[in-house]
Amino acid sequence: SVEILYEALDYYLAEYKGIEHSIVAKCHTSVGRSLEGLGEWRKAEHHYYEAVHIFWLTCGYSPLTANAVKKLGDAKVQLGFWDDAQQLYRQSFELHASFDTLDMNAILELVSAIQRLHFDERATKELSRPG
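Just so we're on the same page, our numbering is the position in the sequence shown counted from 1, plus 69.
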């Protein structure tokens, strides 16, 4: 349940107070996924954002970072931030394509997400608007 995940997050935040650690980012991702399942996209977005931030600092170019970036993109789609989602999906795709181990499932999920984004009528209008 989300309460248990929040407890784990609080524990690791206290354990690594002031130090960015990948276990904290993993907890943020787990909390985000749980909130996503509850339809609480704004809260999920916050946790995915935190995970991305920490993964960039602690892991750099890694599948953990790429997956968290994709999840943040998913949240942006649900919240109607299509331009942000498109940029995040592109970033995640480029990361996945650069790894020496090719995760075809992750790449296909991203291609599918990008395709859905461009076929969503609301998103298409927003994405085609001049900057």
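Every residue gets a Cβ at the ideal spot worked out from N, C-alpha and C, and that includes glycine.
Starting from His-90, trace the alpha helix (DSSP H) in both directions and tell me its first and last residue. To locate residue 90, count along the sequence shown from 1; it is residue 21. It is not in any alpha helix (DSSP H) - His-90 carries neither H nor E in the DSSP assignment.
With DSSP collapsed to three states, give me the class of Glu-163. In the sequence shown, the residue the question calls residue 163 occupies position 94. Correct three-state label for Glu-163: helix.
Alpha-carbon to alpha-carbon, Leu-171 and Phe-150: Numbered from its first residue, the sequence shown carries residue 150 at position 81. Numbered from its first residue, the sequence shown carries residue 171 at position 102. Taking the straight line joining both Cα atoms gives about 28 angstroms.
Among the residues of its own chain, which have a CB less than 6 angstroms from the CB of Ala-113, if the five just before and after it don't count? In the sequence shown, counting from the first residue as 1, residue 113 sits at position 44. Around Ala-113: Gly-101, Leu-104, Glu-105 and Ala-144.
Simplified DSSP assignment, three categories, for Asp-153: Within the sequence shown, numbered from 1, the residue matching residue 153 stands at position 84. When secondary structure is reduced to three states using DSSP, Asp-153 falls in the helix class.
I need the DSSP call for Tyr-130, collapsed to helix, strand or coil. Position 61 of the sequence shown holds residue 130. Looking at Tyr-130 - three-state DSSP - the assignment turns out to be coil, as it is neither helix nor strand.
Rounded C-alpha distance that separates Leu-186 from Cys-128: If you number the sequence shown from 1, residue 186 lands on position 117. If you number the sequence shown from 1, residue 128 lands on position 59. Their backbone Cα atoms lie some 28 angstroms apart in a straight line.
His-138 to Ile-73, Cα distance in whole Å? Numbered from its first residue, the sequence shown carries residue 138 at position 69. Numbered from its first residue, the sequence shown carries residue 73 at position 4. It should be pointed out that residue 138 corresponds to Val in this sequence rather than to His. Straight-line spacing of the CA atoms in Val-138 and Ile-73 works out to 24 angstroms.
For Asp-143, name the three-state secondary structure that DSSP assigns. The sequence position of residue 143 within the sequence shown is 74, counting from 1. Residue state, collapsed to three classes: helix.
Can you tell me the Cα-Cα spacing of Ala-135 and Ile-183, whole angstroms? Reading the sequence shown from its first residue, position 66 is the one you call residue 135. Reading the sequence shown from its first residue, position 114 is the one you call residue 183. In this model, Ala-135 and Ile-183 are separated by some 15 angstroms (Cα to Cα).
Would Ile-88 be called buried (16 or more neighbouring beta carbons within 10 Å of its own) or exposed? For the purposes of this step, residue 88 is identified with residue 19 of the sequence shown, where counting begins at 1. Ile-88 comes out exposed.
For the alpha helix (DSSP H) containing Glu-178, list its first residue and its last residue. Residue numbering aside, residue 178 sits at position 109 when the sequence shown is read from its first letter. 173 to 188 is the extent of the alpha helix (DSSP H) around Glu-178.
Whole-angstrom distance between Leu-177 and Tyr-130, CA atom to CA atom: The sequence position of residue 130 within the sequence shown is 61, counting from 1. The sequence position of residue 177 within the sequence shown is 108, counting from 1. So the alpha carbons of these two residues sit roughly 19 angstroms apart.
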